[in-house]
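Right, one structure below, let's go through it.
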Amino acid sequence: MKHLSDEVTFKHGATISNRIVQPPMLTSSGNKGMVSEDTLEYWQARNNSAGLMIVEYNYVSPAGGPASTWADNRTQLAIYDDKFLPGLSKLAQTMKKNGNKALIQIAHTGREANYRAHLGLPVYAPTSANYSFLPYGVQAFTEEEVEQVVKDFGTAAKRAIDAGFDGIEIHGANHYLLQQFFSRFSNKRKDKWGEYSAFPLAVAKEVANVVKKYAPKDFILGYRISPEEINPDNVGYTWHESTELINKLTNQVDFDYIHLSLPKYNAKPNDSDKTFAELFKPVIGKDTKLIIVGDVMSQEAAEDALDYTDLVAAGRAQIIDANFARKIINGHGDQLITEMTDEEEKSQKLTPGLREVFNKETKRPEFVKMSRKLDYSKAIKIDD
Ligand SMILES: Cc1cc2nc3c(=O)[nH]c(=O)nc-3n(C[C@H](O)[C@H](O)[C@H](O)COP(=O)(O)O)c2cc1C
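When we follow the numbering used here, the leftmost residue of the sequence shown carries the number 126, and every step to the right adds one.
Encoded structure:
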């Protein structure tokens, strides 16, 4: 019988004190990519909550972000240069103060780098396109540029190790670059990178090599994936393909965990009676842990989610209540904050960026509205 308060040991030896995870979430607190006082304050308030905490997606190449950004002092965090190291080191120290494990998610946002478009800089993707859902065109990487991005993931991994993080999560989910390469909707390349799993596999191997060479033995390596990419008018991939990818990834790279990005923790695909968690669990191998996420807003939901998985992530719930996991573990799950008031936004140390975008009715922040604030008149257009 599993309990949320159980200790969990990963296959490379790291132990966490409970089964609750704080998933990566953009804090909109970066100052041109640098960790700010707002970032540190937010994490100082949350560093004794979940056993495993994952910093938002940090972009690994200069052109890998920023995404979901609408001002220079409200950006996504970056890890593409050594100049980010002092801030990231402070962040790792702040998060680790109470003995919980601090991970960092590394990413390339590819076509989603909206703030680059706003600045009039080219935005890259697997294949050139003018997507109806983006107010700017995106241009294909050359083969050499793809190879450089793979290397950038490795260099970013080295920085994460040097900064003192306990592990890395590779961001293969939520429509960012790894997913863009894996999707037949967005990857129409004719070179070797047109094989859908080539890029995610190359990135995973590069990062794993760096970890093996430079990180402590118990360093945690994870991979996040969206099990399906199904939009009303197109299909990028289904769980049939993504379980195959995970099979390849876990056979070739020694991951400590696989993290499924889900809208609801017990979501099911259209063509199966099983949940995504149940479909992925047998694929990842018995020593690799599974994390699931999606609409866990209460102790009851967290306990229910545990039926399907090893570790349960709660996102918005931990923005709203910085002590979400600790309250549950200490038997005070009935005292969770469930609605955001102006008072609580301050007491829960939301960053000004999060306060600006976070919808008080606990819905997703309105990124779309935010990105409309940007002026794309300088954005580079791509010929059809
Ligand atoms: C404000 C905010 C920022 C997010 N940023 C990231 C991110 O940086 N990386 C990522 O993989 N997912 C990100 N997500 C998705 C969350 O990790 C999580 O999967 C999602 O919120 C669903 O979980 P929940 O229902 O518990 O909130 C973000 C979500 C929110 C609400």
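Backbone N, C-alpha and C fix where the C-beta goes; we use that ideal spot for every residue, glycine too.
- DSSP places Y182 within a strand segment (E or B) once states are collapsed to three.
- When distances are taken from the beta-carbon of N223 to the heavy atoms of ligand 1, even the shortest one reaches 7 Å or more.
- Looking at the backbone, the Cα of D429 and that of G262 are separated by about 43 Å.
- L151 has its CB nearer than 7 Å to a heavy atom of ligand 1.
- With a cutoff of 7 Å, Y249 does not count as near ligand 1, since its C-beta is closer than that to no heavy atom of the ligand.
- Residue environment for F401: buried (at least 16 other C-beta atoms within 10 angstroms of its C-beta).
- Excluding the 5 residues flanking it on each side, E331 has same chain C-beta neighbours closer than 6 Å at V275, F278 and G279, in chain order.
- Assigned with DSSP and collapsed to three states, M220 falls in helix.
- Cα atoms of E464 and I445: separation of roughly 7 Å, rounded to the nearest angstrom.
- For R199, the CB stays at least 7 Å from every heavy atom of ligand 1.
- In terms of Cα proximity to N183, the closest of P394, T200, K506 and Y382 is T200.
- Across the structure, R144 and V437 are spaced so that their CA atoms are roughly 6 Å apart.
- Restricting attention to K399, S214, Y362 and I293, the CA atom closest to the CA of M159 is found in S214.
- If you ignore the 5 residues before and after K222, its C-beta comes within less than 7 Å of the C-beta of N172, all in its own chain and listed in chain order.
- Remark: the C-beta of G410 is outside contact range of ligand 1, defined as less than 7 Å to any heavy atom.
- If you ignore the 5 residues before and after P388, its C-beta comes within less than 6 Å of the C-beta of G419, all in its own chain and listed in chain order.
- Between I286 and L228, the C-beta gap is not smaller than 8 Å, which leaves the two residues out of contact.
- For the options E469, T252 and V408, the alpha carbon positioned closest to that of V271 is the one of T252.
- Comparing alpha carbon positions, the residue from A242, G224, S472 and G190 closest to H233 is G190.
- For a cut-off of 8 Å, the C-beta gap from P352 to S367 is around 5 Å, short enough to register as a contact.
- Boundaries of the alpha helix (DSSP H) around A242: N239 to H243.
- Assignment of H300 by DSSP, reduced to helix, strand and coil, places it in the coil class.
- With a beta-carbon spacing of about 6 Å, Y501 and H243 fall inside the 8 Å limit used to define contacts.
- In the three-state reduction of the DSSP assignment, Y362 falls in the strand class, which pools E and B.
- Secondary structure of I145 (DSSP, three-state): strand.
- By DSSP's assignment, R349 forms a beta bridge with H296 and H384.
- With respect to the C-alpha of M150, the residue from L374, A298 and K373 having the closest C-alpha is A298.
- A170 carries a helical assignment under DSSP once its states are collapsed to helix, strand and coil.
- Where E403 is concerned, the enclosing alpha helix (DSSP H) starts and stops at F401 to I409.
- Using a cutoff of 7 Å, the CB of N395 does not count as near ligand 1, since none of the ligand's heavy atoms is closer than that.
- When T134, S142, Y249 and T194 are compared, the shortest CA-CA separation from S186 is found for Y249.
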